[in-house]
Each structure stands twice: as C-alpha cells, then as structure tokens.
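Chemist: Residue numbers (the numbering used here): 4 to 445.
We put the CB at the ideal spot given by N, CA and C, even for glycine.
All values derive from a computational prediction rather than experimental measurement.
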Ligand SMILES: Cc1ncc(COP(=O)(O)O)c(C=O)c1O
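#1: With respect to the beta strand (DSSP E) encompassing residue 165, which residues constitute its N-terminal and C-terminal limits?
#2: Would you decide whether residue 164 is buried or exposed? Buried here means 16 or more other CB atoms lie within 10 Å of its CB.
#3: Have a look at residue 156 and residue 240 and give me their C-alpha separation to the nearest angstrom.
#4: Does the Cβ of residue 235 have 16 or more other Cβ atoms within 10 Å, making it buried, or fewer, making it exposed?
#5: Residue 206 to residue 440, Cα distance in whole Å?
#6: Taking only runs of the beta strand (DSSP E) that begin and end inside the segment 94-174, which ones reach a length of at least 3 residues, in chain order?
#7: Check whether the Cβ of residue 258 lies closer than 7 Å to any heavy atom of ligand 1, and answer yes or no.
#8: Does the beta-carbon of residue 398 have 16 or more other beta-carbons within 10 angstroms, so that it is buried, or is it exposed?
#9: Given that a residue counts as buried once 16 or more other Cβ atoms are within 10 Å of its Cβ, and exposed if not, what is residue 51?
#10: Give a yes or no on whether the C-beta atoms belonging to residue 210 and residue 357 are separated by under 8 Å.
#11: Helix, strand or coil: how does DSSP classify residue 419 here?
#12: Alpha helix (DSSP H) containing residue 342: first to last residue?
#13: When you compare the segment 315-325 with the segment 166-181, are there three or more beta-carbon pairs, one atom per stretch, that lie closer than 8 Å?
#14: Within its chain, find whatever has a CB closer than 7 Å to the CB of residue 192; leave out the 5 residues flanking it on each side and keep chain order.
#15: Counting contacts by CB-CB distance shorter than 8 Å, is residue 61 in contact with chain D?
#16: Please classify residue 421 as buried or exposed, where buried requires at least 16 neighbouring CB atoms within 10 angstroms.
#17: Using 7 Å as the cut-off, classify the Cβ of residue 435 as near or not near the heavy atoms of ligand 1, replying yes or no.
#18: Nearer than 7 Å: is that true of the beta carbon of residue 273 relative to any heavy atom of ligand 1?
#19: Just list the alpha helix (DSSP H) runs in the segment 280-319, keeping only unbroken ones of 4 residues or longer that don't cross its boundaries, in chain order.
#20: In whole angstroms, what separates the C-alpha of residue 288 from that of residue 413?
#21: Given that a residue counts as buried once 16 or more other Cβ atoms are within 10 Å of its Cβ, and exposed if not, what is residue 337?
#22: Under 6 Å Cβ to Cβ from residue 256, same chain only, skipping five residues before and after it: list those, please.
Spelled out as structure tokens, the structure:
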C-alpha cells in the first residue's frame, strides 16, 4: 500500500479554495498561511512573500496544509442510534420486484422471503405482515384471546406489545422484568397469573432473549398460550435456539430502525399447522382460500412484494449484520470498561444477544440525571434514546396498575447508545470518550 502523503501545499485564491476545502474534509489541517505579493518582470509573473515593511493587503495567501492527526469524530453529522445496511443485493432484488413483480408474479419475493425466514428461525411457517403489531394482533386472535381475557406483558417494551392485546378486547397485565436481561421475570409472571389469564407475551427486548425455558414451563403448568414478541431480536438465541420458534407464534418487526429492515413490515412464524391455517384466514380478510368468498371476519395486514424483495436481501445477509452489531457492542465494552457509574447491557450465560441496541443503565450513585446526560451528548452530535417508559403508566389501559419496581429502575435511568449497524470503530470510540468525559464532569 502506498503511504499517505504527509504534507500538501495550496494557494488559497480562486479555484484553490475548493481544493483546500476538499483536503480539510479529508483530515488535512492548515499549518501556515503566508501572504504573497505579485511581481511582474517583463513577461513573467511571480509571487513572493510579502516584506515585513509592506502594509498593503496581500495579493494572495499561500496556505500550507498537512495531514492532521486522526480526527476525532464528528465532522458535521450526528452519530445515530439506528440505521440499516443496504447492499447492492437488496437494491437489485427491489429493482427486479418493481419491474417484474406484478400479476402472476405479485408474490414471488414474498414467498421467497417467507421461506428463507422460516428456515432461518427454524419454524415450518412464516407469514409476511405490514407490521409486527399486526402480526401480534392476529396471533393473539388465532389462539383465541378476546374480551374478558388477560394477557401478561412486560412493563418495559414498546407499546405495540400491549396495544395488540387491547385490539382483541383483552386486558394487558404488566409484569416486572429482570435487572440483568431487561426481559420478563418468570417469578413476576407467575405472580401475575389469574383465572382470566389466557396468554403471555414475552418480549426479547433490544435484541436480548427472554428466558424461554422458564416462560414455557409456567405456560405449560397453567395452560397458557405464548406469543413471542421478537420484534427487535431476529437471530437472538436462547439456550442455543433462535427466538420466535419457542411459543405458539413468534412475531418480528422490519420497521426502519430494526436490524433487518423493509421500511415497515413484520413476520409471524409458527410450527403449528392448525394455528397457521387459522391465522392465514384472519390475515386474508377471512377469505375462503382460492375464492372471493368471505366466510369469517378478517383483517388486512399484508406485506408488499417490493418490501419482501428488500427483506429477502437482508435475511440473506443476516449473519453478517448480526456480527456487525455484536462487534459494535464489543467496541463499547472495550471503550467503557472501568468507567464507574454505568452498567452496560450484557448477555446472560444461556443467551446470544444480537445487541440491536447497545444500552447503559446509570447507577443510582450518579448525581447526573439521565436526560441531562442525553442533552450534553446531543451537543456533541451523539444521538441517544431513552429506554421505553414503563408502559403501565399510560392512561389508555382498561385496568390501572402501578409500575413495576425493577422496570421503573431501568426505564428511568437507562439510555440506548448509537447502535446503527454501519457505525465505525472511530465513531464508537468517540462516543465512549464523550460519555466518559461527561460522567467525569458529573
Ligand atoms: C418490542 C417491540 N414490539 C413490537 C414492535 C412493533 O413493531 P412494528 O412497528 O413493526 O409494528 C416494536 C417496534 O419497535 C418493538 O420494539
């Protein structure tokens, strides 16, 4: 490899201003600026350094630029919490779907995406949806959840997990989470069960799996259905198995901030023939297969072929995308090691997280308020997200329930750090240094 040049000299007048700007963007810095005077001698013109006795404005300024030290981020852009990786593979599939995916080919990419997805998760069936929320809704209906029933949901999650319960007419009941995994605490689930409980919705929050062995054990003992909300957790593993295939159904999201994106979109997976048939009819407007006859109440939550083309490209690259997320987490773990007052999310011994969001919890011993820290990081061009509030607080639920204590502790003191899958080591190092600096200032 050729060595990078160590120095470079430009005059700053006329077109050279562009050259200076270009090199500054590449990391060159101005080292000297020499005023020049124009001298004509017959037919030749030359520029010489201005004499110290010469007070008139110079004709030009010679600017010398040298390659600066590795530049601390940022230039002008904010380092974002999310953002996908889209390769030429996805672009070519989408282009193909847009040109050819009509009439008899309207579902070609949908079928390929569903097949590849089911194979990856390890289930017999996968059905494309317009959102994970829709997938959760129909999964709950398919297992028979309805008015008068209760469904147990963790107190920290995106509201969609409980909204889907409310759409069926059932009541979400909020259970506490574990301090280390941020996912449902089996003991809290057990305590929340009543004679009306019909199902549990474990959420694999921020890409870390819920302990499904414990949840399935409870469900079996009490005769409950399990719908996994795996919205942000494609490829996460629990005891060596990929999430989504443990429960009666598993639902995934491909909304734009997720690891696997289709813009908006979702997937519902199941291993159960009967449940698949039931949910398919609900998903297809209640239509009798192969006809325009409507034999039951149904819904419209379908995925488009062009979206599925994007999704297919993404699932074919999923191992690479997960590795990138895990690498980003490792960079954070390295950069934040030994900084007092923060707890980095980590993997339980039985889990393989995809670290959709690398996150920290601020220790109660810190005086610095969470949102003050976020404001200061934003001033340094670092985007962060507050962890979801405890969702039991929202005024929309039919039954009032106090927030759960561990969920409250996490929700009030935790932050998602920039975790976009294309982040560079330099950006993560910059975030770690900024975070350490702000925590030191207090
Ligand atoms: C835990 C969880 N559940 C459900 C959803 C809903 O997904 P969608 O936006 O695809 O409906 C999300 C989306 O952010 C989520 O994070």
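Modeler: To lay it out plainly:
#1: It is not in any beta strand (DSSP E) - residue 165 instead sits in the alpha helix (DSSP H) that spans 163-170.
#2: Buried.
#3: So the alpha carbons of these two residues sit roughly 20 Å apart.
#4: When all chains shown are included, residue 235 counts as buried.
#5: Residue 206 and residue 440: Cα-Cα distance of roughly 34 Å.
#6: With a minimum length of 3 residues, the continuous beta strand (DSSP E) runs that stay inside the segment 94-174 are 128-132, 153-157.
#7: Proximity of the beta carbon of residue 258 to ligand 1 is indicated: a heavy atom of the ligand is located closer than 7 Å.
#8: Exposed, because fewer than 16 other Cβ atoms sit within 10 Å of the Cβ of residue 398.
#9: It is exposed - the Cβ of residue 51 has fewer than 16 other Cβ atoms within 10 Å.
#10: Going by C-beta atoms, residue 210 is nearer than 8 Å to residue 357.
#11: Strand, per DSSP.
#12: Neither: residue 342 is in no alpha helix (DSSP H) and is coded neither H nor E.
#13: No: fewer than three Cβ pairs fall under 8 Å.
#14: Result list for residue 192: 155, 178, 203, 218, 221, in chain order.
#15: The question asks about chain D, but that chain is absent: this structure has only one protein chain.
#16: Here residue 421 is buried: its Cβ has 16 or more other Cβ atoms, across all protein chains shown, within 10 Å.
#17: No, ligand 1 has no heavy atom inside 7 Å of this Cβ.
#18: Judged by the Cβ position, residue 273 fails to qualify as a neighbour of ligand 1 at the 7 Å threshold, every heavy atom of the ligand being at least this far.
#19: Taking only runs of at least 4 residues, the alpha helix (DSSP H) segments lying wholly in the segment 280-319 are 308-318.
#20: Straight-line Cα distance between these residues: approximately 40 Å.
#21: Around the C-beta of residue 337, fewer than 16 other C-beta atoms lie within 10 Å, and the residue is accordingly described as exposed.
#22: Within the same chain, 135, 234, 269 come within 6 Å of residue 256 by CB-CB distance, once the 5 residues on both sides are set aside.
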